[in-house]
Amino acid sequence: MSKLWGGRFTKKTDQLVEEYTASITFDKELAEEDIQGSLAHVTMLGQCGILPAEDVEQIKDGLLKVRQRILNGEHEFLVADEDIHMSVEKALIEEIGPVGGKLHTGRSRNDQVATDMHLYLRKRVVEFVDLLHKLQTALIGQAKANLDTILPGYTHLQRAQPILFAHHLMAYVSMFGRDIERLQDSYKRIDMLPLGAGALAGTTFAIDRLFTAKQLNFGRVYENSLDAVSDRDFIVEFLANASLIMTHLSRLSEELILWSSTEFQFVELDDAFCTGSSIMPQKKNPDVPELVRGKTGRVYGNLIGLLTVLKSLPLAYNKDMQEDKEGMFDTVKTLQGALQLYAPMIETMKVRTDKMRKAVDQDFSNATDIADFLASKGLPFRQAHEVIGKTVLYCIQNNKFLLNLTLDEFKQFSTLFDDTIYQVLQPESVVNARNVYGGTATVQVAAAIERAEAVMAGTSEWVAEYAEKSR
Ligand code: ARG
1 MSKLWGGRFT
11 KKTDQLVEEY
21 TASITFDKEL
31 AEEDIQGSLA
41 HVTMLGQCGI
51 LPAEDVEQIK
61 DGLLKVRQRI
71 LNGEHEFLVA
81 DEDIHMSVEK
91 ALIEEIGPVG
101 GKLHTGRSRN
111 DQVATDMHLY
121 LRKRVVEFVD
131 LLHKLQTALI
141 GQAKANLDTI
151 LPGYTHLQRA
161 QPILFAHHLM
171 AYVSMFGRDI
181 ERLQDSYKRI
191 DMLPLGAGAL
201 AGTTFAIDRL
211 FTAKQLNFGR
221 VYENSLDAVS
231 DRDFIVEFLA
241 NASLIMTHLS
251 RLSEELILWS
261 STEFQFVELD
271 DAFCTGSSIM
281 PQKKNPDVPE
291 LVRGKTGRVY
301 GNLIGLLTVL
311 KSLPLAYNKD
321 MQEDKEGMFD
331 TVKTLQGALQ
341 LYAPMIETMK
351 VRTDKMRKAV
361 DQDFSNATDI
371 ADFLASKGLP
381 FRQAHEVIGK
391 TVLYCIQNNK
401 FLLNLTLDEF
411 KQFSTLFDDT
421 IYQVLQPESV
431 VNARNVYGGT
441 ATVQVAAAIE
451 RAEAVMAGTS
461 EWVAEYAEKS
471 R
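Position 195, counted from 1, in the sequence shown is what full-length UniProt numbering calls 195; the numbers after and before it change by one each time, with no gaps.
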């Protein structure tokens with residue numbers, strides 16, 4: 001069969017042009033959504049009396065057969081067919097004869113492709129919420145197992161104040177929680193039906209867009225036909241959300257990489273999640289977090305790529321927009337890979353409580369607390385800060401830590417010191433002194449875990465409900 005649009009042409013398409021303009025090599029990924037959309041469209045055509053019932057039945061039957069052939073791997077995706085839409089339509093006509101040509105009544109590939117993308121991304125967003133929820137579950141599991149594990153907290157990558165390891169992990173639970181909220185919010189802008197917009201202006205057939213929307217479970221239809229076929233904002237939004245998720249994963253990756261170095265030894269990733277060196281027998285490399293960190297770049301690239309495609313693009317459809325797909329598929333694949341590995345990697349990670357403790361015992365991360373001690377005795381905090389700065393300098397010059405100083409030594413710096421200071425300086429005291437909402441005190445972190453779990457229970461319900469809605 002020649003091209004579905006071949007009537008106006010007197011010459012065969014140049015072979016290189018055919019290859020250059022085809023999208024079938026990647027948009028075959030949309031086969032299921034394309035058929036889903038066509039089934040709803042043809043049902044609507046029947047409902048509105050645009051096609052007779054027997055044609056509708058034949059077309060539906062044929063579409064189901066094409067779907068089965070694709071699932072069986074019996075369908076050939078040919079560059080000559082250009083894209084998934086014409087590939088399916090041609091297969092349908094081959095299957096049921098010329099009546100298959102009635103499917104495209106009142107429709108254009110422009111509203112068709114947009115519909116496919118909406119259907120596709122709607123499912124993916126629910127899957128990503130689910131994957132993020134699994135990662136949160138893994139992080140919370142480690143947090144609960146480490147509710148009394150103390151490590152130095154850092155600012156400027158310099159030891160700052162001791163914190164609970166659980167508190168550190170819960171920071172990521174919050175970050176991924178915001179990512180979940182963003183994806184959930186984006187759902188309502190993906191959950192919109194473009195079909196019925198035709199090529200750009202609507203259609204001369206008396207179609208019922210709301211009926212089609214209902215068939216496909218879309219919450220609403222696009223208001224404006226030009227906007228419907230021109231809009232790729234929902235993909236940009238997905239890529240932006242994916243970029244932020246990758247940002248968060250890359251920050252966690254960086255910490256895992258640092259923490260598993262010999263210099264830190266705070267955690268040990270399970271052997272199953274590491275790889276070795278072909279020359280250095282001693283090596284165990286954190287390849288997974290490294291690759292996640294590295295792959296963040298391509299996700300940002302896909303976002304900037306699509307924004308640039310859309311910038312200054314006139315309404316309505318332009319072939320440029322075919323460039324929306326590869327970056328989106330690549331982002332989906334990249335994010336799936338990262339999230340699928342991350343949850344079990346966190347779950348199986350060994351936490352070196354002893355090493356963390358040793359680090360806390362050999363630093364000055366309790367210095368703020370003696371400054372606070374002096375301030376609570378009435379010394380203005382600014383002066384207390386100065387006094388403790390000098391005390392720390394004395395320790396460094398004498399190779400000591402604060403807890404190694406005698407009371408006489410402390411008193412050289414301020415007469416306000418008494419022997420309760422030794423209790424104040426204990427890492428547990430330092431941590432539990434930060435007993436404010438959102439702080440690192442054990443009771444606060446335990447409460448934060450409880451609150452997070454309540455929100456996560458809601459996320460599970462959302463996933464179950466929307467997995468059903470977006471099918
Ligand atoms: N393969 C095209 C794309 O991905 C489908 C829409 C084609 N529409 C057109 N008028 N050429 O954007």
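All C-beta atoms, glycine included, are put in the ideal place defined by N, C-alpha and C. Source: prediction; values computed, not measured.
| query | result |
| --- | --- |
| Exposed or buried, what is Leu5 when buried is set at 16 or more other beta-carbons lying within 10 Å of its beta-carbon? | Checking the sequence shown, residue 5 turns out to be Trp, not Leu. Looking at its Cβ environment, which holds fewer than 16 other Cβ atoms inside 10 Å, Trp5 is exposed. |
| Considering only residues of the same chain and omitting the five flanking positions on each side of Leu252, which have a CB-CB separation below 6 Å? | Tyr172 |
| Give the DSSP bridge partners of Asn285, in chain order. | Thr275 |
| On the criterion of 16 or more Cβ atoms from any shown chain inside 10 Å, does residue 481 qualify as buried, or is it exposed? | A query on residue 481 cannot be resolved here, the shown segment of the chain reaching from 1 to 471 and no further. |
| Pair every Cβ in the segment 301-313 with every Cβ in the segment 381-401, then say whether three or more of these pairs are closer than 8 Å. | no |
| At which residues does the alpha helix (DSSP H) containing Thr415 begin and terminate? | First-last for Thr415: undefined, no H or E at that position. |
| Which class does Tyr154 belong to by DSSP, given the choice of helix, strand or coil? | strand |
| Excluding the 5 residues flanking Ile163 on each side, which residues of the same chain have their C-beta closer than 6 Å to its C-beta? | Gly153 and Thr440 |
| Are Asp34 and Asp111 touching if we call contact CB-CB under 8 Å? | no |
| Just curious, the alpha helix (DSSP H) that Met170 is in, first and last residue? | Phe165 to Ile190 |
| Could you give the first and the last residue of the continuous alpha helix (DSSP H) run that contains Asn241? | Asp233 to Trp259 |
| Distance, Cα to Cα, Met44 vs His168? | 53 Å |
| Can you give me the C-alpha to C-alpha distance between Thr391 and Thr137, rounded to a whole angstrom? | 43 Å |
| Taking the alpha-carbon positions, what's the Thr20 to Phe77 distance? | First, the amino acid is wrong: residue 20 is Tyr here, not Thr. If you take the alpha carbons of Tyr20 and Phe77, they lie about 16 Å apart. |
| Under the assumption that Val221 contacts Met192 (Cβ atoms under 8 Å), give the Cβ distance between them as a whole number of angstroms. | 7 Å |
| Report yes if the CB atom of Thr442 is closer than 8 Å to the CB atom of Val430, and no otherwise. | no |
| Phe128 to Leu291, Cα distance in whole Å? | 19 Å |
| By the 10 Å Cβ neighbour count, where 16 or more other Cβ atoms means buried, how is Asp81 classified, buried or exposed? | buried |
| Alpha carbons only, please: which of Gly458, Ala448, Trp462 and Tyr466 is nearest the one belonging to Leu147? | Ala448 |
| According to DSSP, is Lys11 part of a helix, a strand, or is it coil? | coil |
| From Ala452 to Glu347, what distance separates their C-alpha atoms? | 18 Å |
| Check this for me: beta carbons of Gly276 and Lys283, under 8 Å apart or not? | yes |
| Compute the minimum distance between the beta carbon of Tyr317 and the heavy atoms of ligand 1, and state whether it is under 7 Å. | yes |
| Would you kindly check if the distance between the Cβ of Met356 and the Cβ of Gln151 is under 8 Å? | It should be pointed out that residue 151 corresponds to Leu in this sequence rather than to Gln. Result yes, Cβ atoms of Leu151 and Met356 sit closer than 8 Å. |
| Please report the straight-line C-alpha distance between Met170 and Val351, rounded to a whole angstrom. | 15 Å |
| Which whole-angstrom value is the C-beta distance of Ile96 and Gly62, which I expect to be below 8 Å? | 4 Å |
| Which residue marks the beginning of the alpha helix (DSSP H) containing Trp462, and which one marks its end? | Thr442 to Lys469 |
| Val79: beta carbon under 7 Å from a heavy atom of ligand 1? | no |
| Can you tell me which of Ala433, Thr105 and Gln15 puts its alpha carbon nearest to the alpha carbon of Gly49? | Thr105 |
| Could you spell out the range, first to last residue, of the alpha helix (DSSP H) harbouring Tyr394? | Phe381 to Gln397 |
| Closest by CA to Thr296, which one among Leu315, Ala240 and Arg178? | Ala240 |
| From Lys130 to Ser186, what distance separates their C-alpha atoms? | Sequence inspection shows Asp at residue 130; the Lys mentioned does not correspond to that position. Whole-angstrom Cα-Cα distance: 15 Å. |
| Check this for me: beta carbons of Leu256 and Phe264, under 8 Å apart or not? | no |
| In its own chain, which residues sit with a C-beta less than 8 Å from the C-beta of Ala343, not counting the 5 before and 5 after it? | Leu131, Lys134, Leu135, Thr137 and Ala138 |
| Hey, Glu32 and Phe329: beta-carbon distance below 8 Å or not? | no |
| Within a Cβ cutoff of 8 Å, which residues of the same chain sit near Ala201, ignoring the five residues on either side of it in sequence? | Ser225 and Leu226 |
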